[in-house]
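What follows is a single structure, written as structure tokens, with notes after it.
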Amino acid sequence: MKVRILGAHKFESRHARHTCFLIDGVLGLDAGSLASSLGAAEQGDVQAVLLTHQHFDHVRDLPTLGLTTLGDGKTIDLYGLAETNDAVHQHLLNWDLYPDLTEPLGPEPAKFKLNSVTPQEGFRAIGYRVSPISVPHTVPNVGYVIRADPGGAVAYTGDTDGDISAFFKDDLAADVVFLEVSFPNRLHDQAQITKHMTPAGLRSHLLEALKAGIRIPKMVAVHMSLEHQDEIVEQIASVGEELSIDLTPGHEDMELEV
Ligand SMILES: [Zn+2]
Ligand SMILES: [Zn+2]
Numbered sequence: 006m007k008v009r010i011l012g013a014h015k016f017e018s019r020h021a022r023h024t025c026f027l028i029d030g031v032l033g034l035d036a037g038s039l040a041s042s043l044g045a046a047e048q049g050d051v052q053a054v055l056l057t058h059q060h061f062d063h064v065r066d067l068p069t070l071g072l073t074t075l076g077d078g079k080t081i082d083l084y085g086l087a088e089t090n091d092a093v094h095q096h097l098l099n100w101d102l103y104p105d106l107t108e109p110l111g112p113e114p115a116k117f118k119l120n121s122v123t124p125q126e127g128f129r130a131i132g133y134r135v136s137p138i139s140v141p142h143t144v145p146n147v148g149y150v151i152r153a154d155p156g157g158a159v160a161y162t163g164d165t166d167g168d169i170s171a172f173f174k175d176d177l178a179a180d181v182v183f184l185e186v187s188f189p190n191r192l193h194d195q196a197q198i199t200k201h202m203t204p205a206g207l208r209s210h211l212l213e214a215l216k217a218g219i220r221i222p223k224m225v226a227v228h229m230s231l232e233h234q235d236e237i238v239e240q241i242a243s244v245g246e247e248l249s250i251d252l253t254p255g256h257e258d259m260e261l262e263v
């Protein structure tokens with residue numbers, strides 16, 4: 006499985022994109038930069054998208070992706086919690102901001118098909134085995150463990166300040182976990198209110214996992230606040246060093262073979 010980080014940040018700027026991933030060129034993980042970082046032909050290769058939650062930075066490029074590829078006659082499968090799908094349908098694809106791309110706009114089939122996922126109930130999406138895992142955020146959020154047949158497994162937690170050990174223990178054990186670290190430690194209060202992770206919060210979750218004897222895989226931090234990036238990167242490095250784990254910051258256009 007080849008995983009490409011399209012966006013590794015919480016906000017977008019000239020050289021930073023919303024947190025978003027592309028697996029093997031065909032499976033999107035969130036859609037915050039699924040159009041802005043891909044050429045039109047690459048957008049046309051996307052067959053399915055797993056959505057973690059409804060926040061704008063995670064769904065923003067859906068209308069653009071849909072309209073760019075509208076004429077190709079292919080339907081893109083969107084997977085998300087019922088709450089996520091409802092919010093996308095009601096607030097983004099609603100004939101107010103954008104056309105409802107879940108309905109046919111002409112003789113061709115609808116561009117998007119919304120599929121509801123249930124936490125802890127595995128399913129198959131374009132040949133990948135996918136396990137959605139519920140983790141706390143300010144709105145319903147699921148992360149995913151995605152396994153290729155045959156091949157490795159990769160996980161993405163979505164936005165959360167909660168315990169993420171479910172993504173790398175037992176049979177779901179991912180080889181690489183992408184997790185969010187949005188704020189530096191000194192903005193703990195802001196992180197707590199918005200339910201985002203700090204390096205210190207991550208450290209305490211990982212310590213618990215280590216105490217429980219859980220092996221911690223390679224971890225890549227994303228969803229960083231652009232303006233606090235240097236501070237976050239420094240604090241992540243000290244957590245990795247202290248716990249002797251492979252914990253590194255992600256960046257746009259980073260590619261990993263899993
Ligand atoms: Zn969020
Ligand atoms: Zn977010």
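If you count by the numbering used here, then the sequence shown holds residues 6 to 263, one letter each, in order. The C-beta atom is built at its ideal place from N, Cα and C for all residues, glycine as well.
Spatially closest choice to residue i from the options, by CA coordinates
i	options	result
D82	Q48, L55 and R65	L55
E236	N120, A214, P189 and H256	P189
D62	V140, E260, H228 and L27	H228
L97	I151, T74, A87 and L67	L67
K79	H142, L110 and L261	L110
S41	G30, A21 and Q52	A21
T199	G76, L119, V144 and T74	V144
G163	D180, H142, A46 and L11	H142
H5	H233, L34 and F16	No answer is possible for residue 5: the residues shown for the chain start at 6 and end at 263.
A92	I10, H256, R65 and K216	R65
S209	L231, I169, A179 and L34	I169
N120	H94, P112, G127 and N90	N90
I140	A217, C25, G132 and P124	As written in the sequence, residue 140 is Val, which differs from the Ile given in the question. Nearest C-alpha to V140: P124.
Y149	D258, H14 and A171	A171
E260	C25, L231, R19 and K15	C25
P114	M6, D77, D251 and H201	D77
K116	D101, V263, H94 and S249	H94
T73	Y84, G85 and P104	P104
T203	P254, E126 and L215	P254
Helix, strand or coil at residue i [DSSP, three-state]
i	result
A158	strand
R220	coil
A92	helix
G206	helix
E260	strand
P254	strand
A115	coil
A40	coil
I169	coil
Q234	helix
E108	coil
D194	helix
H142	coil
Q59	coil
P68	helix
D164	coil
D101	coil
S243	helix
T74	coil
Expected contact under 8 Å - CB spacing of residue i and residue j to nearest Å
i	j	result
G49	L106	Going by Cβ atoms, the distance from G49 to L106 rounds to 15 Å, so no, they are not a contact pair.
I221	L211	6 Å
A265	V182	Residue 265 lies beyond the stretch modelled for the chain, which goes from 6 to 263, so this question has no answer here.
L184	A226	6 Å
V122	V147	7 Å
I28	V8	5 Å
K174	I138	Going by Cβ atoms, the distance from K174 to I138 rounds to 11 Å, so no, they are not a contact pair.
R134	D154	6 Å
I131	A36	Not quite, the Cβ-Cβ distance comes to about 16 Å (not below 8 Å), so this is no contact.
L75	S38	The pair is not a contact, with the Cβ atoms about 19 Å apart (cut-off 8 Å).
Q59	E17	17 Å between Cβ atoms; not a contact.
H14	L231	5 Å
L177	S136	6 Å
Per DSSP, cross-strand counterpart(s) of residue i
i	result
I151	V135 and V159
N120	Y84
G33	L27 and V54
M229	H14
V181	V159 and K223
F128	V135
R9	L27 and E260
A21	S18
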